[in-house]
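In the numbering used here, the protein residues as written are 519 to 676.
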């Protein structure tokens with residue numbers, strides 16, 4: 519899921535901000551320019567290093583590529599931000615129509631649960647609404663990809 523988001527044109531265009539909330543409630547800010555290791559072993563090592571040091575800096579500059587930040591997530595979101603979560607149990611919505619329905623000065627925050635099973639109530643305290651983007655149950659990676667593609671089309675990101 520994270521690799522899908524970071525590789526997307528919308529991220530490369532600077533129109534995407536990624537946050538990760540761990541199972542233990544640690545909130546991580548992800549720089550759009552970070553390159554995540556492609557193997558789980560290296561990724562796990564990077565996450566251990568991040569949790570010990572609280573940030574990972576670029577070797578070429580002082581830019582923080584990953585950093586632990588204070589909760590709640592809502593303090594890091596832009597003003598006038600519509601907060602939605604994706605749920606198979608919610609009414610099905612065409613993503614492009616949903617994005618086109620945003621006010622011109624409104625941004626969107628999508629909460630995605632990257633778990634295979636279980637209740638999708640992880641973001642209930644934050645979100646304004648739940649939507650479904652398919653008649654089928656989707657993996658987190660596919661859901662992220664589908665949402666990013668629709669946003670790219672709506673915002674003319676090529």
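Each residue gets a CB set at the ideal place from its N, CA and C atoms; glycine is no exception. Since the model is a prediction, treat every value here as computed from it, not as a measurement.
Where residue 575 is concerned, the enclosing beta strand (DSSP E) starts and stops at 573-575.
The residue from 669, 528 and 539 with its alpha-carbon nearest to that of residue 641 is 539.
Residue nearest to residue 670 within the set 587, 531 and 519 is 531 (criterion: CA-CA distance). DSSP places residue 561 within a helical segment (H, G or I) once states are collapsed to three. The beta carbon of residue 647 sits closer than 6 Å to the beta carbons of 602 from its chain, once the five residues preceding and following it are set aside; these are given in chain order.
Residue 661 is classed as buried because its beta carbon has at least 16 other beta carbons within 10 Å across all chains shown. With a cutoff of 8 Å on beta-carbon distance, residue 611 and residue 657 are scored as not near each other.
Using a Cβ distance threshold of 8 Å, residue 529 and residue 550 count as a contacting pair.
DSSP, reduced to helix, strand and coil, places residue 676 outside both helices and strands of the structure shown, so it counts as coil. By the criterion of at least three beta-carbon pairs nearer than 8 Å, the stretch 612-626 is in contact with the stretch 588-604. Under the DSSP assignment, residue 537 falls in the beta strand (DSSP E) whose first and last residues are 536-539. Between the alpha carbons of residue 587 and residue 537 lies a distance of about 10 Å.
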